[in-house]
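**Q**
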Amino acid sequence: MSRVAYCTGHLHDQPLATVAEMARLAGYEGLDINGDGFEKSPPPHLTPRLDAHHREQARADLRDIDKAASALGANVYLVPDDDRRGQENLAYAMASIDLAAELGIPLVHCFTGRQAQSLSRAEAFSRLSDALARLCDHGAGRGVKVAVEGCVPHFIRSTADYLELIGNLPGADLRVCFDPSHIFLHGESEFEAAEKLIDRISIVHVKDAAGRFPDFSCPPLGAGEMDWPGLLSLLRGLGYGGQLAVEYEADQFGWKQDRMAAMLDARRFLRDQGF
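In my numbering, the protein residues as written are 1 to 275.
(1) Do residue 97 and residue 138 come within 8 Å of each other at the CB atom, strictly closer than that value?
(2) Assuming contact is defined by CB atoms lying nearer than 8 Å, are residue 143 and residue 93 in contact in what I supplied?
(3) Starting from the C-beta of residue 172, find all residues in its chain whose C-beta is less than 6 Å away, skip the five residues before and the five after it, and write them out in chain order.
(4) When the Cβ atoms of the region 164-171 are set against those of the region 185-196, are three or more pairs found closer than 8 Å?
(5) Applying the criterion that 16 or more other CB atoms from any shown protein chain within 10 Å of the CB defines a buried residue, is residue 260 buried or exposed?
(6) Can you list, in chain order, the residues of its chain whose CB lies under 6 Å from that of residue 247, leaving out five sequence neighbours each side?
(7) Ends of the alpha helix (DSSP H) at residue 149?
(8) For residue 83, is the classification buried or exposed, using 16 other Cβ atoms within 10 angstroms of its Cβ as the cut-off for buried?
(9) Helix, strand or coil for residue 222 per DSSP?
(10) Considering only the alpha carbon of each residue, which of 238, 224, 219, 164 lies closest to residue 198?
(11) In terms of residue numbering, what span does the beta strand (DSSP E) encompassing residue 175 cover?
(12) What is the DSSP secondary structure of residue 120, reduced to helix, strand or coil?
(13) Residue 46 to residue 227, Cα distance in whole Å?
(14) For residue 53, does the three-state DSSP call read helix, strand or coil?
(15) Quick one, which of 265, 223, 253, 178 has its alpha-carbon nearest residue 215's?
(16) Less than 8 Å separating the beta-carbons of residue 113 and residue 77?
(17) Apart from the five residues on each side of it in sequence, which residues of its chain come closer than 6 Å, Cβ to Cβ, to residue 24?
(18) Which residue from 159, 123, 115, 203 puts its Cα closest to that of residue 146?
(19) Under the three-state reduction of DSSP, which class applies to residue 75: helix, strand or coil?
(20) What is the DSSP secondary structure of residue 109, counted as helix, strand or coil?
(21) Rounded to whole angstroms, what is the Cα-Cα separation between residue 271 and residue 31?
(22) In the DSSP assignment, find the alpha helix (DSSP H) that holds residue 86 and state where it starts and stops.
(23) Can you give me the Cβ contacts of residue 181 inside the same chain, cut-off strictly under 6 Å, excluding the 5 residues immediately before and after it?
(24) Return the first residue and the last residue of the alpha helix (DSSP H) that residue 166 is part of.
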């Protein structure tokens, strides 16, 4: 049975302890924790740059959260134009795997990133494959799965892209962080994507969408154009038992909703679908 987590990026300006308590009160079992490696303010909830004291604090903050139902989003661009930055980003993702292992979090997911202007697609694909192979190997030695998420503006975003990437790594257990809204937004069937990728999906980002890229929005769950009841039914029928993680981004598209109300509404939506 899939367990339901909440993506903490929606509450980026709140301490991790507050986020964990809000999620617990709203009925979520786990957290998909914002660990982005981008320069931003406020900083992510978890980062490998934390010192020993803050790591112990994070462990305490997460004491009431089901770690097995949780993930760490170490989102960096693994193949940027700048080679030095690429090595730094790979090191950040490696260190994020170490942090996840230390905290008992079983899954780390990374972005693929936008197409580097200085590289051909074939070159970028090859470098991404090499980076992910190293991350998967690093994670395997620490009991942490590694997943990749391709967003709609990224150079890896379609079902065919995912399958090609997986085919490039025959010895690696590369997982997929499946956000069907990105599949929907570039006009592909999220149902067909789920069927073709099901054996590799370890986490599903539950987020609604409307329109098509680049003219799109991400309304509250159930208010968009995606058939989430149908997709959830398909996932259940396919035997999916991995994580579901609600990702609320409606506030970025003009919706004004109380945060706890948004969390409760999304949890109620999933509960109505049997999750």
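Here a beta-carbon is modelled for each residue, glycine too, at the ideal position from N, C-alpha and C.
**A** Inspection of the coordinates gives the following:
(1) Against a cut-off of 8 Å, the Cβ pair of residue 97 and residue 138 comes out as a contact.
(2) Between residue 143 and residue 93, the C-beta spacing is not below 8 Å.
(3) Non-local beta-carbon contacts of residue 172 in its own chain, meaning distances under 6 Å to residues more than five positions away in sequence, involve 133, 136 in chain order.
(4) Output reads no: the region 185-196 does not touch the region 164-171.
(5) Around the CB of residue 260, fewer than 16 other CB atoms lie within 10 Å, so the residue is classed as exposed.
(6) 7, 205, 207.
(7) In the DSSP assignment, residue 149 falls outside any alpha helix (DSSP H) and lies within the beta strand (DSSP E) extending over 145-149.
(8) Burial call: exposed.
(9) Residue state for residue 222 is assigned as coil, using DSSP reduced to three classes.
(10) When each option's Cα is compared against that of residue 198, the closest is 238.
(11) 175-178 is the extent of the beta strand (DSSP E) around residue 175.
(12) Correct three-state label for residue 120: coil.
(13) If I take the Cα positions, the gap works out to 33 Å.
(14) Reduced to three states, the DSSP call for residue 53 is helix.
(15) Residue 253 is the option with its Cα nearest to residue 215.
(16) In contact: residue 113 and residue 77 (Cβ atoms closer than 8 Å).
(17) Around residue 24: 64.
(18) In this structure, 203 is the residue among 159, 123, 115, 203 with its C-alpha nearest to the C-alpha of residue 146.
(19) Three-state result, residue 75: coil.
(20) If DSSP states are grouped into helix, strand and coil, residue 109 belongs with the strands.
(21) When rounded, the distance between both Cα atoms is 17 Å.
(22) Note, residue 86: alpha helix (DSSP H), 83-103.
(23) Taking C-beta separations shorter than 6 Å and ignoring five residues to either side along the sequence, the partners of residue 181 in its chain run 207, 209, following chain order.
(24) Where residue 166 is concerned, the enclosing alpha helix (DSSP H) stretches over 159-168.
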